[in-house]
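Input: a single structure, listed below in structure tokens.
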Amino acid sequence: MAEVKLEVKNLTKRFGELVAVDNVSFEVREGEFFSLLGPSGCGKTTTLRCIAGLEIPDEGKIFIKGRDVTMLPPQQRGISLVFQEFAVFPHMSVYDNLAFGLKIRGLPKDEIRRKVLTIAESLHLTDYLGVKAGKLGLSEQQRTALGRSIAVEPEVLLLDEPLTLVDAKVKESMRRELRRLQKELNITILYVTHDQLEAMMMSDRIAVMNAGRILQVGSPMEIYENPKNVFVAKFIGSPTINIVEAKLEKEDDMLKIVLNDVKLDIEKKLPKEIGEKYAGKNILIGIRPEDLLIFKEKSSPYDIKCSVDMVELTGNKMELHLKLGEMSIRALSTIRFDIEESSEIYLRIHPEKTCIFDRETEERIA
Amino acid sequence: MGGNRLSTKPPKLVSLLANLPVNILLYVTLIVPFILMIYLAFLAWNPAAGYEWWQAPLAGLSNFARAFSDARFITALGRTVLFTLVVVMIEFSLGLVLAYLLLEEFKGKRAVLSIIIYPLMLPWVVVALIFYLLFQDYGPVNNLFLKALIGDAATQMHWFLSPTTAFVTLLIADIWQWTPFMFLILYSGLSAVSKRLIEAAQVLGASSRTIFWRIQLPLIRPLIIIALVLRALEAFKVFDIAYVMTGGGPGTSTETLSLYIYRVAIEYHDISYAAALSLIILVILVIVIRVFIWYSFERR
Amino acid sequence: MSIITRAIKYIFIGFCLLWVLIPVAWIVCLAFKPYPEWRVAYFLPKDPTLSNFVILFEPKQIIGMMGATAIVDPVTRPFINSIIVVGFSTIIAVFAGFFTAYGASRYNTPGPFSLFFTLLTRMLPPATFVTPIMVYYSNLKLLDTHLGLILLYAAVTVTYGIWILKGFIDNVPREWEEAALLEGATHSQVIFKVTLPLVKSGLVVAGLFIFLLNWAELLFALVLTNVNAVTLPVHISKYVGAVGQLYGPQAALGIISSLIPLIIGYIIQKHLVAAFTFGMVR
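Protein chains in written order, with our numbering: chain G, 4 to 369; chain R, 14 to 313; chain L, 24 to 305.
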């Protein structure tokens with residue numbers, strides 16, 4: 004079992020009345036790529052800055068490799084931080100940027116040279132070593148910032164939305180490169196982003212945050228398939244999950260979901276207490292667009308009739324905007340077939356692929 | 014950003030407004046006299062002689078030749094250059110130290126800042142007046158401060174009677190007034206350095222001193238150059254304090270360049286010689302500035 | 024930062040504050056000291072008086088009291104002259120500067136020569152071009168006139184108006200002017216109703232700055248004025264050169280002459296930093 008490199012316990016940070024980080028706890032293991040994912044303002048960057056030492060938390064503790072670093076200045080924590088705005092030193096050459104941290108640590112010149120050259124090579128910066136960092140393009144600047152942080156061999160490498168300002172075309176390749184580099188050098192990474200696709204693609208584990216709190220921690224698959232609440236379900240996955248209101252009814256000791264006039268069996272049985280608690284009540288169900296089956300005609304009693312609002316054809320996929328009574332539903336199909344707008348089609352929902360949420364708390368109940 | 018420039022021609026009104034007032038001012042008030050000065054320099058004219066300048070005889074290059082063998086002129090020039098160098102160096106160093114110390118927040122910083130820069134607002138003559146009074150034989154410099162250090166012998170110190178000490182009083186007056194200028198420019202430049210860069214350096218392990226010398230200072234290098242040049246140009250013009258505090262004395266030992274030329278023109282009425290001296294200085298300055306611009310910005 | 028370093032830092036700052044405040048404190052005290060106390064070694068006057076200030080307005084009093092002196096004029100006229108000359112020249116410099124800056128920012132006017140020449144006026148020592156101006160003014164009967172000084176002061180400081188205002192005008196988006204033009208406004212309306220109001224603080228900054236500079240100007244006034252248009256700095260220099268070592272009145276004069284600049288400086292303070300880095304970095 005890999006050792007725990009970073010442990011955050013009950014971290015709380017307030018700015019006046021605003022609680023930016025609210026009792027956040029998680030741990031990151033050695034060699035792990037761990038992401039803090041959430042919308043703007045959810046507290047992920049503040050959490051990162053507390054871990055880096057650029058902010059002092061009001062409550063809670065931070066441990067790096069078992070050492071309590073909560074009150075230490077950034078220089079003494081054994082971390083490195085890559086900023087969203089790169090913050091390369093524009094007046095210094097790429098070489099000097101990469102060597103900066105090493106020079107401060109007092110390493111001998113030839114060792115510095117060796118390390119810088121190795122890093123430059125793995126980041127494809129060798130041709131730019133003599134260039135002043137301020138003159139570089141955006142992705143080269145970010146690679147320099149990355150290289151500079153890796154050079155000092157931190158216990159944990161922190162990244163604050165590093166690819167937000169990079170050209171869209173290059174983002175994709177940089178993500179892969181970063182992941183590859185991380186695996187190769189076995190770097191422990193804490194990555195902050197608002198882009199769920201990015202987090203899903205690169206991370207070993209993700210912590211989804213909102214309003215200063217962590218809502219769920221798990222591997223990308225776990226979070227995708229078993230979201231703990233509506234927020235997480237909606238935040239992960241594109242196109243967004245469909246959340247519709249329905250009723251839970253008890254019929255012959257089996258629970259069914261009633262959607263408009265159609266009754267669906269829940270084949271997975273709900274635990275008895277939950278079943279009792281919610282029988283006859285309104286609940287929320289979540290179903291992902293890609294889990295909806297589309298039929299032109301009704302072929303089973305469970306098929307629901309919807310009208311087609313709009314059809315979006317994107318290469319190999321078809322995204323359908325449907326209307327079920329007053330509710331909007333989206334469906335995704337990889338099979339292309341002829342559908343006209345304003346026509347009617349039938350949806351089939353697989354009960355075991357649904358998530359059931361409490362209507363008030365929006366927490367998952369099944 | 015080079016403004017929001019259009020490549021189209023400006024409309025008549027704009028052209029008129031943008032050009033006319035400024036051109037009237039310049040041509041009427043300055044350019045004509047400048048041209049006149051060139052002519053005057055080649056004359057042998059003294060208004061006391063009774064006739065107008067256009068009736069005065071040409072004197073060829075004699076005024077210029079005289080300038081090169083005029084010891085008083087050359088010493089004044091050298092003295093002014095020395096003054097400029099010393100004053101700029103000291104003001105820059107003090108300004109830098111002060112800027113470094115005041116970069117971080119602390120209680121009352123705003124008040125400290127306002128107080129520190131107020132000497133800049135006082136007219137030069139008033140500063141000259143202040144230090145004239147301070148350095149009097151029975152003034153506070155002697156009577157209070159020096160007395161505390163060396164006892165009664167302090168009142169024997171006659172600041173304005175010895176060439177070196179008189180020069181020092183001029184230096185002190187200028188430094189007192191203009192260090193805040195350097196401080197202000199350096200301080201605003203340093204504060205403008207992006208916080209991100211500083212955080213990046215901190216995270217990499219740099220101490221505040223390293224950050225100051227390796228990151229903040231190099232980044233404001235262009236600003237430093239501008240500040241030094243501006244201050245040097247102003248310091249070179251020094252007149253007010255020399256005129257008011259020492260009168261160039263004792264003798265001519267604190268006579269600055271501007272003071273000498275002023276004397277030649279106003280007290281000795283030697284207009285053409287003054288014109289010649291002025292021209293020589295103008296030419297020297299233009300050359301120096303041109304070389305400097307080439308050195309700083311155009312090579313490589 | 025360790026406690027010791029912090030202490031040293033605060034001590035140093037304290038010294039700087041003293042260094043800056045003591046000279047002025049001395050002068051202020053001196054201004055209220057009566058004649059017998061002019062040469063004392065303590066700060067606060069034991070017997071404060073306003074006589075020094077009174078003398079400034081009625082200098083004839085001092086003859087006989089302290090020996091002969093060369094000053095017979097009260098300070099009122101130089102003070103008023105300064106206000107008139109500096110006031111008008113500032114207004115002219117600011118507006119000429121505004122128009123020129125506008126042309127320079129939006130188009131390419133005026134010619135590079137004019138712009139370079141305006142820079143030159145600040146770079147060269149005034150003493151190096153005052154001689155021909157004296158001759159010139161003498162022939163034009165502009166010596167010792169308000170107009171003569173006003174024109175000269177404006178000509179010599181207009182370059183600051185241009186620098187400062189160009190920075191501010193550059194920040195006004197061209198699109199706003201174009202929008203107004205598209206809606207039928209004439210160019211003059213655009214300049215006066217769109218751009219001008221938006222750079223108001225720039226006008227204030229430039230105006231106050233130029234006012235400070237001209238208020239302090241000595242050399243030109245010394246050469247070009249005599250009796251009518253004598254300005255305050257010239258008057259001050261007369262006091263220092265006078266026989267009799269009139270320390271008290273000198274201090275009082277210093278205070279009176281500094282009041283307006285200090286008030287202006289206080290107002291401009293907040294804009295000062297922005298104005299500097301604006302003008303330079305652009």
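The C-beta atom is built at its ideal place from N, Cα and C for all residues, glycine as well. In this text the structure is predicted, and so the values were computed from the model without any measurement.
Exposure of residue 31/G, with buried meaning 16 or more beta-carbon neighbours within 10 Å: Reading the first sequence from its first residue, position 28 is the one you call residue 31/G. When all chains shown are included, residue 31/G counts as buried.
I believe residue 267/R touches residue 148/R by the beta-carbon criterion, under 8 Å. Please report the beta-carbon distance rounded to the nearest angstrom. On the second sequence, residue 267/R is found 254 positions in, with the first residue counted as 1. On the second sequence, residue 148/R is found 135 positions in, with the first residue counted as 1. Actually they are not in contact, since the Cβ atoms of residue 267/R and residue 148/R sit about 12 Å apart, beyond 8 Å.
Can you give the Cα-Cα distance for residue 252/G and residue 366/G, rounded to whole angstroms? Indexing the first sequence from 1 puts residue 252/G at position 249. Indexing the first sequence from 1 puts residue 366/G at position 363. Using only the alpha carbons, I get a separation of about 19 Å.
Determine, for residue 253/R, whether the minimum Cβ-Cβ distance to residues of chain L falls below 8 Å. Here residue 253/R corresponds to residue number 240 of the second sequence, with the count starting at 1. Yes, contact with chain L.
When you compare each of 70/R, 253/R, 200/R to residue 108/R by their alpha carbons, which one comes out closest? Translated into the one-based positions of the second sequence, residue 108/R becomes position 95. In terms of Cα proximity to residue 108/R, the closest of 70/R, 253/R, 200/R is 200/R.
What does DSSP give as the partner residues of residue 358/G in its beta bridges? As a working note, residue 358/G is residue 355 in the first sequence. Under DSSP, residue 358/G takes part in a beta bridge, and its partners are 289/G.
With distances taken Cα to Cα, identify the nearest neighbour of residue 112/R among 163/R, 301/R, 233/R. The residue labelled residue 112/R in the question sits at position 99 within the second sequence. The shortest C-alpha to C-alpha distance from residue 112/R to any of 163/R, 301/R, 233/R is the one to 233/R.
Please report how far the alpha carbon of residue 211/R lies from the alpha carbon of residue 145/G, in whole angstroms. Looking up residue 211/R in the second sequence gives position 198. Looking up residue 145/G in the first sequence gives position 142. The alpha-carbon atoms of residue 211/R and residue 145/G are separated by roughly 17 Å.
Segment contact, 8 Å Cβ cut-off, at least three pairs: the region 140–160 of chain G with the region 82–97 of chain G: Cβ pair count under 8 Å is three or more, so yes.
Whole-angstrom distance between residue 353/G and residue 332/G, CA atom to CA atom: As a working note, residue 332/G is residue 329 in the first sequence. As a working note, residue 353/G is residue 350 in the first sequence. Whole-angstrom Cα-Cα distance: 15 Å.
Can you tell me whether residue 49/G is buried or exposed? The criterion is at least 16 other CB atoms within 10 Å of its CB, across all chains shown. What you label residue 49/G is simply residue 46 of the first sequence in a count that begins at 1. Here residue 49/G is buried: its Cβ has 16 or more other Cβ atoms, across all protein chains shown, within 10 Å.
Would you call the region 231–249 of chain R and the region 59–74 of chain R touching, i.e. three or more CB-CB distances under 8 Å? No, the region 231–249 of chain R does not touch the region 59–74 of chain R.
Residue 186/R beta carbon less than 8 Å from that of residue 254/R: Position 241 of the second sequence holds residue 254/R. Position 173 of the second sequence holds residue 186/R. Yes, the Cβ-Cβ distance between residue 254/R and residue 186/R is below 8 Å.
Specify, as a first and last residue, the run of the beta strand (DSSP E) that residue 309/G falls within. Translated into positions along the first sequence, residue 309/G becomes position 306. Following the DSSP letters along the chain, one finds residue 309/G inside the beta strand (DSSP E) bounded by residues 307–317.
Along chain R, which residues have their Cβ under 7 Å away from the Cβ of residue 280/L? Start at 1 with the first residue of the third sequence, and residue 280/L comes out as number 257. Ordered by position in chain R, the residues that pass the 7 Å Cβ test against residue 280/L are 136, 139.
What separation, rounded to the nearest whole angstrom, lies between the Cα atoms of residue 88/R and residue 291/R? Residue numbering aside, residue 88/R sits at position 75 when the second sequence is read from its first letter. Residue numbering aside, residue 291/R sits at position 278 when the second sequence is read from its first letter. So the alpha carbons of these two residues sit roughly 15 Å apart.
Take the Cβ of residue 99/L as the centre, count every other Cβ of all protein chains shown within 10 Å, and call the residue buried at 16 or more, exposed below. By one-based count along the third sequence, residue 99/L stands at place 76. Exposed is the label assigned to residue 99/L, since fewer than 16 other Cβ atoms lie within 10 Å of its Cβ.
With DSSP as the reference, label residue 83/G as helix, strand or coil. Stepping through the first sequence from its first residue, residue 83/G is reached at position 80. Strand, per DSSP.
Tell me, please, whether the region 119–128 of chain L touches the region 218–235 of chain L by the rule of three or more beta-carbon pairs shorter than 8 Å. Flag = yes, the region 119–128 of chain L and the region 218–235 of chain L touch.
Can you confirm whether residue 210/L, when its beta carbon is compared against all beta carbons of chain R, has any partner nearer than 8 Å? The sequence position of residue 210/L within the third sequence is 187, counting from 1. Under the Cβ criterion of 8 Å, residue 210/L is counted among the residues facing chain R.
Give the DSSP bridge partners of residue 328/G, in chain order. Counting from 1 along the first sequence, the entry for residue 328/G is found at position 325. None; residue 328/G has no bridge partner.
Helix, strand or coil: how does DSSP classify residue 33/R here? The count along the second sequence starts at 1 and reaches residue 33/R at position 20. DSSP, read as helix, strand or coil, puts residue 33/R in helix.
Give the DSSP bridge partners of residue 366/G, in chain order. Residue mapping note: residue 366/G aligns to position 363 of the first sequence, counting from 1. Partner(s): 232/G.
In chain order, what residues of the same chain lie with their CB nearer than 8 Å to the CB of residue 141/R, ignoring the 5 residues before and after it? Taking the first residue of the second sequence as 1, we reach residue 141/R at position 128. In the same chain as residue 141/R, and ignoring 5 residues on each side of it, the C-beta atoms closer than 8 Å to its own belong to 186, 253, 254, 256, 257, 258, in chain order.
I need the straight-line Cα distance from residue 301/L to residue 188/L, nearest angstrom please. On the third sequence, residue 301/L is found 278 positions in, with the first residue counted as 1. On the third sequence, residue 188/L is found 165 positions in, with the first residue counted as 1. Interpretation of residue 301/L is limited by its pLDDT of 45, a score under 50 that renders its predicted location unreliable; the figure taken from the coordinates is listed afterwards. In this structure, the CA atom of residue 301/L is about 10 Å from the CA atom of residue 188/L.
In chain order, what residues of the region 39–71 of chain G put their CB closer than 8 Å to some CB of chain R? Close to chain R, meaning a Cβ-Cβ distance shorter than 8 Å, are the following residues of the region 39–71 of chain G: 55, 56, 57.
What's the C-alpha gap between residue 339/G and residue 202/G? Residue mapping note: residue 339/G aligns to position 336 of the first sequence, counting from 1. Residue mapping note: residue 202/G aligns to position 199 of the first sequence, counting from 1. Residue 339/G and residue 202/G have their C-alpha atoms some 29 Å from each other.
What residue does the alpha helix (DSSP H) around residue 180/G start on, and which one ends it? Translated into positions along the first sequence, residue 180/G becomes position 177. DSSP places residue 180/G in the uninterrupted alpha helix (DSSP H) bounded by 171–188.
Interface flag, residue 62/L vs chain R, CB-CB below 8 Å: Stepping through the third sequence from its first residue, residue 62/L is reached at position 39. With 8 Å as the cut-off, residue 62/L counts as an interface residue toward chain R.
Across the region 90–106 of chain R and the region 280–287 of chain R, are there enough close Cβ pairs to call them in contact, namely three or more that are closer than 8 Å? Under the Cβ criterion (8 Å, minimum of three pairs), the region 90–106 of chain R does not count as touching the region 280–287 of chain R.
Which partner residues of residue 351/G appear in the DSSP bridge assignment? Here residue 351/G refers to the residue found at position 348 of the first sequence. Residue 351/G is bridged to 296/G.
Going by DSSP, what residue range makes up the beta strand (DSSP E) through residue 219/G? Start at 1 with the first residue of the first sequence, and residue 219/G comes out as number 216. In this chain, the beta strand (DSSP E) harbouring residue 219/G covers 216–221.
How would you write the range of the beta strand (DSSP E) that residue 21/G sits in, first residue to last? Within the first sequence, residue 21/G is the residue found at index 18, counting from 1. It spans 21–32 - the beta strand (DSSP E) in which residue 21/G sits, taken as one unbroken run.
Report the neighbours of residue 83/G on chain R: residues whose CB is nearer than 9 Å to its CB, in chain order. Within the first sequence, the letter at position 80 stands for residue 83/G. Proximity of chain R to residue 83/G at the Cβ level (cut-off 9 Å) is accounted for by 216, 217, in chain order.
What does the Cβ neighbour count give for residue 193/L, buried or exposed, with the cut at 16 atoms within 10 Å? As a position in the third sequence, residue 193/L is number 170, starting the count at 1. That one is buried.
Stretch pair the region 57–73 of chain G + the region 123–143 of chain G: three plus CB contacts closer than 8 Å: As far as the Cβ criterion goes, the region 57–73 of chain G does not touch the region 123–143 of chain G, which means the pair count is below three.
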